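*Asks:* Each step along the sequence shown adds one to the number in the numbering used here, with nothing skipped, and position 48 is 621. We put the CB at the ideal spot given by N, CA and C, even for glycine. Keep in mind the model is a prediction, meaning the values are calculated, not measured.
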Amino acid sequence: MEGLQISLKANKTQNSYLFIDVTDLKIEYGPHYKNKALFVVTGIRNTGYRETLGARLANSEDSFF
574 MEGLQISLKA NKTQNSYLFI DVTDLKIEYG PHYKNKALFV VTGIRNTGYR ETLGARLANS
634 EDSFF
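#1: Anyone know if the C-beta pair for residue 610 and residue 628 falls short of 8 Å?
#2: Across which residues does DSSP place residue 602 in a beta bridge pair?
#3: If I follow the unbroken beta strand (DSSP E) through residue 634, where does it start and stop?
#4: Across which residues does DSSP place residue 590 in a beta bridge pair?
#5: Just the Cα atoms here: how many angstroms apart are residue 593 and residue 634?
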């Protein structure tokens, strides 16, 4: 997979919830635009604190995270 990749952080704390969301983006590559999917993983701790655990730019929503 091409693009930005941020590895998932080591999860040393207990997360009550884990969310995976995808946003479709148009990214400029020279004179052309390409559609990409940005996956974002967010964890919510027992205390209510939200933390971004990782993100990846993929070719489509069908791509393996």
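*Replies:* This is what the structure holds:
#1: No.
#2: Paired residue(s): 605.
#3: Annotation: residue 634 is outside any beta strand (DSSP E) and is labelled neither H nor E by DSSP.
#4: 617.
#5: The C-alpha of residue 634 is placed about 12 Å away from the C-alpha of residue 593.
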